[in-house]
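Visitor: There's a structure below that I have some questions on.
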Amino acid sequence: MPRVTYDPTGSSIIVDFLLESPDGSSSLLIPVVLDTGASLTIVSTELLVRLGYDPATPLLQRQRIVTGSGIEYAPRITVRSATAIGQTVSNLEVLCHNLPPESGVDGLLGLNFLRHFKLTIRFRKGIVELVKER
Amino acid sequence: MLADKERNAHLSHVCKETIVMMKTALLTIKQMRSQYPDQWLLVTEYELDASTSLRKGRVVAHSKNRDEIHRALKQHTGNLCIHFTGRVPQDTVVVFPCLG
Chain W
79 MPRVTYDPTG SSIIVDFLLE SPDGSSSLLI PVVLDTGASL TIVSTELLVR
129 LGYDPATPLL QRQRIVTGSG IEYAPRITVR SATAIGQTVS NLEVLCHNLP
179 PESGVDGLLG LNFLRHFKLT IRFRKGIVEL VKER
Chain R
515 MLADKERNAH LSHVCKETIV MMKTALLTIK QMRSQYPDQW LLVTEYELDA
565 STSLRKGRVV AHSKNRDEIH RALKQHTGNL CIHFTGRVPQ DTVVVFPCLG
């Protein structure tokens, strides 16, 4: 069963997130925070650019984001495939937005990824399980 | 020629706050955390376990500054990994953005 362990005494659940480039020729593994309160997955803009995506394309739909410093409109792009906790979602929509370095992560794993699976979080033991539901 | 010599000599150089490693050994995740505590790492030739978690790899750059590691990404191609060996301080709360 796909599962990861995390530090249960930490302030958040951090997992590795594997993103594929548009042509599938390369990939990038980044740390993200698992956030069941986020409707969309977020990835740092410059990392998506590095992978070969183009968040600057004017045709992209933009999502309003409320931050501590105001309101921003971030582009939504579709990533060829994304994998976390042993599970893969193809054509995942992600929001291009930079999170602060102090967060210790380069993105946020949201519900649009997690809802494809059955998610179990064992808080006392620090275990996250993600399985396909039949 | 000089570049090859430098690379083969397993030298590293300092670029601002970032140490760019010319040649390093494959390290396990435990060894990375021990050798580079509280740092951002750029890792190549990495291996994952069945749960998509980093198992081992070759650290090619490390820094206390995440932006430096993002910049170091431009020097490499192929499959890459960014890893943070630290944790958010206990007295710090990170607030993530709301989608409206």
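Same order as they appear, the protein sequences are chains W and R.
Under the numbering used here, the final residue of the first sequence carries the number 212; numbering is consecutive throughout.
Under the numbering used here, the final residue of the second sequence carries the number 614; numbering is consecutive throughout.
The C-beta atom is built at its ideal place from N, Cα and C for all residues, glycine as well.
In this text the structure is predicted, and so the values were computed from the model without any measurement.
(1) Using three-state DSSP, classify W:LEU125 as helix, strand or coil.
(2) Just to confirm my understanding: we take R:ARG572, look at its own chain, exclude 5 residues before and 5 after, and list those with CB closer than 7 angstroms. What are they?
(3) Identify whether W:ASN216 lies in helix, strand or coil by the three-state DSSP scheme.
(4) So is R:TYR560 in contact with chain W if we call contact Cβ pairs under 8 angstroms?
(5) Rounded to the nearest angstrom, how far is the Cβ of W:PRO133 from that of W:ILE155, given a contact under 8 angstroms?
(6) Going by C-alpha distance, which of W:LEU177, W:ASN190, W:SER159 is nearest W:ALA116?
(7) Does the beta carbon of W:ALA134 sit closer than 8 angstroms to a beta carbon anywhere in chain R?
(8) Taking 8 angstroms as the threshold (C-beta atoms), are W:GLY164 and W:PRO80 in contact?
(9) Using 8 angstroms as the threshold, is the stretch 132 to 151 of chain W in touch with the stretch 194 to 211 of chain W, meaning 3 or more CB pairs across them?
(10) Using a beta-carbon distance below 8 angstroms, is W:PRO86 in contact with chain R?
(11) Out of W:VAL183, W:GLY130, W:PHE95, which has the shortest C-alpha to C-alpha gap to R:SER565?
(12) Please name the residues in the stretch 127 to 160 of chain W whose beta-carbon is closer than 9 angstroms to at least one beta-carbon of chain R, in chain order.
(13) Please list the partners that R:ARG580 has in chain W, where partner means a Cβ-to-Cβ separation under 7 angstroms.
(14) Measure the C-alpha to C-alpha separation of R:VAL528 and W:SER122 and round it to an integer number of angstroms.
(15) For W:ARG202, name the three-state secondary structure that DSSP assigns.
(16) Taking only heavy atoms of the ligand SAH into account, decide whether any of them is closer than 7 angstroms to the Cβ of W:LEU138.
(17) Check whether the stretch 136 to 150 of chain W touches the stretch 87 to 105 of chain W, taking contact to mean three or more Cβ pairs, one atom from each stretch, closer than 8 angstroms.
(18) Name the two residues that bound the continuous alpha helix (DSSP H) containing R:ASP581.
(19) Could you tell me whether any Cβ in chain R is nearer than 8 angstroms to the Cβ of W:PRO100?
(20) Is DSSP giving R:ILE543 helix, strand or coil here?
(21) Find the residues of chain W that neighbour R:LEU568, judging by a C-beta separation of less than 7 angstroms, and give them in chain order.
(22) Quick check: is the beta carbon of R:ILE596 nearer than 8 angstroms to any beta carbon in chain W?
(23) Check the Cβ-Cβ distances between W:GLU171 and every residue of chain R, and say whether any is below 8 angstroms.
(24) For W:SER159, name the three-state secondary structure that DSSP assigns.
(25) Tell me where the alpha helix (DSSP H) around W:LEU189 begins and ends.
Guide: Let's see:
(1) helix
(2) THR538, LEU540, VAL557, THR558, GLU559
(3) Here chain W has residues from 79 to 212 only, and residue 216 of chain W is not among them.
(4) yes
(5) 6 angstroms
(6) W:ASN190
(7) no
(8) yes
(9) no
(10) no
(11) W:PHE95
(12) ARG128, GLN141, ARG142, ILE143, VAL144, THR145, GLY146, ILE149, GLU150, ALA152
(13) PRO179
(14) Any reading at R:VAL528 must be qualified, since the residue scores a pLDDT of 45, below 50, and its modelled position is unreliable; no value is offered.
(15) coil
(16) As far as ligands go, the structure on display features none, and thus does not contain the ligand SAH.
(17) no
(18) 580 to 586
(19) no
(20) helix
(21) ASP94, LEU107
(22) yes
(23) no
(24) strand
(25) 189 to 192
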